[in-house]
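Step one of this worksheet: look at the structure below.
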Amino acid sequence: MNDKIKKIHDETIVVDAHYDLLMDLTLQKNFNKFNVIKNDHLNNFKKGGLSLIVSSIFIDKPIYKEAYLHETLDQIALFMEEIEKNEEITFCRSYEDILNSKKQNKIGIMLSFEGADPLFDDLHLLKIFYELGVRFIGLTWSRRNYISDGCKFGPVEKDKRSYGITDFGVNFIKKAENLGYIIDISHLSETGFYDFIKINQKPFIVSHTNIRHFTNNTRTLSDEQIKIIKENDGIIGINSYKEFFNEKSKNISAYVDQIEYIINKIGDKNVGIGLDICTHLLKYEPFNEEKISPNIIKDHSEFTKITEEMLKRNYNESTIKNVLGENFINFYKNNL
Numbered sequence: 054m055n056d057k058i059k060k061i062h063d064e065t066i067v068v069d070a071h072y073d074l075l076m077d078l079t080l081q082k083n084f085n086k087f088n089v090i091k092n093d094h095l096n097n098f099k100k101g102g103l104s105l106i107v108s109s110i111f112i113d114k115p116i117y118k119e120a121y122l123h124e125t126l127d128q129i130a131l132f133m134e135e136i137e138k139n140e141e142i143t144f145c146r147s148y149e150d151i152l153n154s155k156k157q158n159k160i161g162i163m164l165s166f167e168g169a170d171p172l173f174d175d176l177h178l179l180k181i182f183y184e185l186g187v188r189f190i191g192l193t194w195s196r197r198n199y200i201s202d203g204c205k206f207g208p209v210e211k212d213k214r215s216y217g218i219t220d221f222g223v224n225f226i227k228k229a230e231n232l233g234y235i236i237d238i239s240h241l242s243e244t245g246f247y248d249f250i251k252i253n254q255k256p257f258i259v260s261h262t263n264i265r266h267f268t269n270n271t272r273t274l275s276d277e278q279i280k281i282i283k284e285n286d287g288i289i290g291i292n293s294y295k296e297f298f299n300e301k302s303k304n305i306s307a308y309v310d311q312i313e314y315i316i317n318k319i320g321d322k323n324v325g326i327g328l329d330i331c332t333h334l335l336k337y338e339p340f341n342e343e344k345i346s347p348n349i350i351k352d353h354s355e356f357t358k359i360t361e362e363m364l365k366r367n368y369n370e371s372t373i374k375n376v377l378g379e380n381f382i383n384f385y386k387n388n389l
């Protein structure tokens, strides 16, 4: 990390708005491995100049209600145990926690549901998980739950028959907003997106997504959706998952192209970073012998490549800082 990049990162609360961290804790527990954040992740966070990670609570395969809840609580419990043992990490529940973590030169971690599936159809659980420190709630993953359809991975045309937000989903959104959750609509179906903007009363985020101008995929945003998100004071986090990039261009330049596209469309106040790095999960795929990373940014030690590429394009420090974290941080300040 050169001096200029270091200065920018030191002066900014640098945010990755989406990372499957807690999932790794429970999977490694199955192999009797603990202290996972310290042993496998912390050095990468430091090398990349990160200040804050928003970790998903994600259950990969659909299971029955009690098992969903058990797995979710197990992820949170393992995380809390690691936090207690490691003075270099802070569990952040508020804007003030984020500021204090940065001042103490620690890595802050926040919790987010990636899909509200573990709550099934029980609104009362929202309060419980808020008390446990969860502050973000992604309405769906890319499958159906009691709230809405998620988007299917694939061409946009295949998603045209997807369903939108249910009556239960309307009540869920209202209660989540009233409790103080930040709602994340990554993975929500397109029908669900347009239902949501008729329901929501507060700004929202799309923590890890991409741009349809570059790739025809349901996990991307159209120009119209980008405009609507700005109108709702939302933030768009750009995903580094290669599947959502043009076949001929899956590199750091292509990644920053998507940031640049948003800046050119709506300015530099509504875009950030949500890398969705999955490289660390390859060790659980025994038949993936090559272990090729599915991400342009393969781990957090490479985060400064984004800063470097933006400097090459002569972006000023203010815009770079906005993208690296200040947009998300200002959003958290106003909405947590």
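Each residue of the sequence shown is one higher than the one before, starting from 54 at the first, in this note's numbering.
Even for Gly, the Cβ is constructed at its ideal location relative to N, Cα and C.
It should be emphasised that the depicted structure is a prediction, and the values quoted were computed from it without experimental measurement.
Is residue i near residue j, with beta carbons less than 8 Å apart?
| i | j | result |
| --- | --- | --- |
| Ile-403 | Val-259 | In the structure as shown, the chain starts at 54 and stops at 389, and residue 403 therefore has no counterpart that could be examined. |
| Ile-359 | Lys-318 | no |
| Ile-160 | Ser-104 | yes |
| Pro-256 | Phe-144 | no |
| Phe-189 | Phe-166 | yes |
| Tyr-183 | Tyr-234 | yes |
| His-94 | Leu-328 | no |
| Leu-232 | Leu-178 | no |
| Glu-135 | Asn-88 | yes |
| Tyr-308 | Ile-282 | no |
| Thr-271 | Lys-205 | yes |
| Asp-276 | Gly-245 | no |
| Gln-254 | Glu-230 | yes |
| Asp-73 | Leu-334 | yes |
| Glu-395 | Lys-374 | This structure cannot settle anything about residue 395, because the visible part of the chain is limited to 54 through 389. |
Do you know offhand how far residue i's Cα is from residue j's?
| i | j | result |
| --- | --- | --- |
| Ile-218 | Leu-241 | 9 Å |
| Glu-390 | Glu-243 | The shown model of the chain, from 54 to 389, leaves out residue 390, and the question about it has no answer. |
| Leu-176 | Ile-264 | 33 Å |
| Asp-170 | Lys-57 | 43 Å |
| Lys-114 | Trp-194 | 11 Å |
| Arg-196 | Glu-119 | 19 Å |
| Glu-137 | Ile-90 | 12 Å |
| Tyr-294 | Asp-220 | 33 Å |
| Ile-61 | Leu-274 | 29 Å |
| Ile-226 | Thr-262 | 21 Å |
| Asn-158 | Leu-152 | 10 Å |
| Ile-112 | Leu-75 | 10 Å |
| Ser-215 | Ile-250 | 17 Å |
| Ile-181 | Tyr-121 | 15 Å |
| Pro-347 | Lys-301 | 15 Å |
| Asn-85 | Asp-174 | 33 Å |
| Tyr-368 | Gln-311 | 14 Å |
| Ile-116 | Asp-77 | 18 Å |
| Ile-106 | Arg-146 | 12 Å |
| Leu-185 | Lys-228 | 17 Å |
| Lys-59 | Glu-370 | 12 Å |
Going by beta carbon distance, what residues of the same chain come within less than 8 Å of residue i, once the five residues before and after it are set aside?
| i | result |
| --- | --- |
| Ser-306 | Glu-362 |
| Val-223 | Ile-252 |
| Lys-99 | Ile-160 |
| Thr-79 | Glu-124, Asp-127, Gln-128, Leu-131 |
| Asp-150 | Thr-143, Phe-144, Gly-161 |
| Ile-315 | Ile-264, Ile-279, Ile-289, Ile-291, Asn-323, Val-324 |
| Tyr-337 | Leu-80 |
| Glu-313 | Arg-366 |
Once the 5 residues before and after residue i are set aside, which same chain residues still bring their CB inside 7 Å of it?
| i | result |
| --- | --- |
| Asn-380 | Ile-288, Lys-322, Asn-323, Val-324, Gly-325 |
| Glu-355 | Gly-101 |
| Tyr-148 | Tyr-385, Lys-386, Leu-389 |
| Asn-139 | Ile-90, Lys-91 |
Can you list, in chain order, the residues of its chain whose CB lies under 6 Å from that of residue i, leaving out five sequence neighbours each side?
| i | result |
| --- | --- |
| Asn-97 | Asp-352, His-353, Ser-354 |
| Lys-155 | Ile-66, Ser-104 |
| Phe-267 | Asn-299 |
| Val-187 | Leu-164 |
| Leu-390 | A question about residue 390 goes unanswered here, because the residues of the chain that appear run from 54 up to 389. |
| Gly-168 | Gly-191, Thr-193, Trp-194 |
| Thr-372 | Asp-321 |
| Pro-208 | Asn-269 |
| Gln-81 | Val-89 |
| Asp-286 | Pro-256 |
| Asp-248 | Gly-217, Ile-218 |
| Glu-296 | none |
Rounded C-beta distance between residue i and residue j? I'm assuming under 8 Å.
| i | j | result |
| --- | --- | --- |
| Ile-349 | Asn-304 | 6 Å |
| Ile-142 | Ile-162 | 6 Å |
| Val-68 | Ile-330 | Rounded, the Cβ-Cβ distance is 14 Å, inconsistent with contact. |
| Thr-357 | Met-54 | 5 Å |
Cβ of residue i within 7 Å of any heavy atom in the ligand MN?
| i | result |
| --- | --- |
| Phe-356 | Ligands are entirely absent from the displayed structure, and the ligand MN is therefore not among its contents. |
Quiz item: In chain order, which continuous runs of the alpha helix (DSSP H) of length 4 or greater are located wholly inside the stretch 158 to 194?
Solution: 177 to 184
Quiz item: Can you list, in chain order, the stretches of the alpha helix (DSSP H) that have 4 or more residues and sit fully within the stretch 220 to 299?
Solution: 220 to 232, 243 to 252, 276 to 284
Quiz prompt | Start-end ranges of the beta strand (DSSP E) lying completely within the stretch 311 to 388, minimum 3 residues | solution = 324 to 326
Quiz item: Which ranges does the beta strand (DSSP E) cover as unbroken runs of at least 3 residues, wholly within the stretch 112 to 157, from first to last along the chain?
Solution: 142 to 144
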